[in-house]
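Have a look at the structure below before the remarks.
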Amino acid sequence: MLSNRIGIILVTALAPAIWGTTYLVTTELLPPDRPLLAAVARALPAGLLLVVITRRLPRGVWWWRALVLGALNIGAFFALLFVAAYRLPGGVAATIGSLQPLLVVGLSAGLLGERVSTRTALAGVAGVGGVSLLVLRADAGLDGIGVAAAVASAVVMATGIVLSKRWTSPAPLLATTGWQLVAGGLLLLPVAFAVEGPPPTTLSTANLAGYGYLAIIGAALAYVLWFRGIRALSPTNVTFLGLLSPLVATTLGWLALDQELTIGQSLGGLIVLGALVVAQLPSRAGRLPSRAARSETSVVAPESAERSALSSRQ
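All the letters of the sequence shown, read from the start, carry residue numbers 174 to 487 under the working numbering.
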């Protein structure tokens, strides 16, 4: 059982590790100053591919749920991230984004009834500190709109993670992932045209390779692994894995782009890894019982109270 859980964690960790390569691919292969085009090209083709493969469309409430999840996990998240990236130094945006695990911890307590352990809270604080050492520079400037966008991007992504756990679709994983990518891509499409204009008329082989990588590996594969992890693990376990993205991005910049790696950044990387590992340790806290379950514990057997709590959450 433990080895199976570790395997799921490691496979899920591949998703943020893949997302950590986005900076390198964008700077080396894609046209400059087209982040929203890259987001659309990353989400929409991948989503359409998964829908075609599964030949499954949403039914009933999943039409609006797929739209909401697609907006939170893909569309609104990428758009807000774009604003933050343009108005803030990258280190500031990444540091604010590292607040996401703490937000997920709070939302999971409110929406899913998960207990908040001191160990997890401290790991979240350590994660923010580690990322700031890893990517934040002393001369970084702040912009009010950029900070607001960065905070909002962390909030919408955290909400998307928790709602993805709360709303478990009966459809295959590939199908639900495809729905979200299509919904997010369609929401981004008019924004990309309004902000960046029409796509370039000519694309190089390197450009096409970059867009292909982002769509197939960075979206179709990575998001399937990510949402599979959300189904199998606690949202808190999953969200801490996202700290791998700035760590991988920094490491690739050092290895492939000859960027300087300071002692402080190395220390930050170790802190990030430590926070990530601590957050994955099994917790005995479990979930908080619902109000109905707590009120009935004095008159019903423990097994009946548990069934009552489960049914009330459904």
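Note that beta-carbon positions come from the ideal geometry of N, C-alpha and C, so glycine has one too. Model, not experiment: these values are computed from the prediction.
Give the secondary structure of residue i by DSSP, where H, G and I count as helix, E and B as strand, and everything else as coil.
i: glycine 369; result: The amino acid occupying residue 369 in the given sequence is glutamate; glycine does not appear at that position. It is helical.
i: glutamate 201; result: helix
Give a yes or no on whether the C-beta atoms belonging to residue i and residue j are separated by under 8 Å.
i: isoleucine 179; j: alanine 299; result: no
i: leucine 210; j: threonine 350; result: no
i: leucine 361; j: alanine 327; result: no
i: proline 274; j: valine 335; result: no
i: proline 205; j: serine 418; result: no
i: proline 231; j: tryptophan 352; result: yes
i: valine 397; j: glycine 193; result: no
i: methionine 330; j: phenylalanine 250; result: yes
i: leucine 354; j: alanine 392; result: yes
i: glycine 441; j: valine 304; result: yes
i: alanine 395; j: isoleucine 191; result: yes
i: glycine 358; j: valine 213; result: yes
i: arginine 229; j: alanine 348; result: yes
i: isoleucine 181; j: glycine 402; result: yes
If you count every other CB in all the chains shown that lies within 10 Å of the CB of residue i, and 16 or more means buried, which is it?
i: proline 208; result: buried
i: asparagine 177; result: exposed
i: serine 433; result: Rather than serine, the amino acid found at residue 433 in this sequence is glutamate. Exposed.
i: alanine 322; result: buried
i: glutamate 489; result: This structure gives no information on residue 489, because the portion of the chain shown stretches from 174 to 487.
i: valine 278; result: buried
i: leucine 203; result: buried
i: valine 234; result: exposed
i: leucine 253; result: buried
i: serine 342; result: buried
i: leucine 454; result: exposed
i: isoleucine 247; result: buried
i: leucine 307; result: buried
With a threshold of 8 Å between beta-carbons, can residue i be considered close to chain D, or not?
i: lysine 338; result: Although the question refers to chain D, the structure presented lacks it and comprises just one protein chain.
For this session: State whether the segment 217 to 235 contacts the segment 436 to 452, with contact taken as three or more CB pairs (one from each stretch) at a distance under 8 Å.
Result: Contact between the segment 217 to 235 and the segment 436 to 452 is absent, because fewer than three Cβ pairs lie under 8 Å.
Problem set entry | Validate contact between the segment 266 to 278 and the segment 385 to 397 using beta carbons, cut 8 Å, 3 pairs | no
Exercise. Any contact of the segment 239 to 259 with the segment 410 to 423, i.e. 3+ C-beta pairs under 8 Å?
Worked result: no
For this session: Run through the segment 371 to 442 for me and flag every whole alpha helix (DSSP H) of 4 or more residues, listed as ranges in chain order.
Result: Counting whole runs of 4 or more residues, the segment 371 to 442 contains the alpha helix (DSSP H) stretches 378 to 388, 395 to 405, 408 to 414, 417 to 429.
For this session: Note down, one range per segment and in chain order, each beta strand (DSSP E) of at least 3 residues found wholly within the segment 340 to 365.
Result: none
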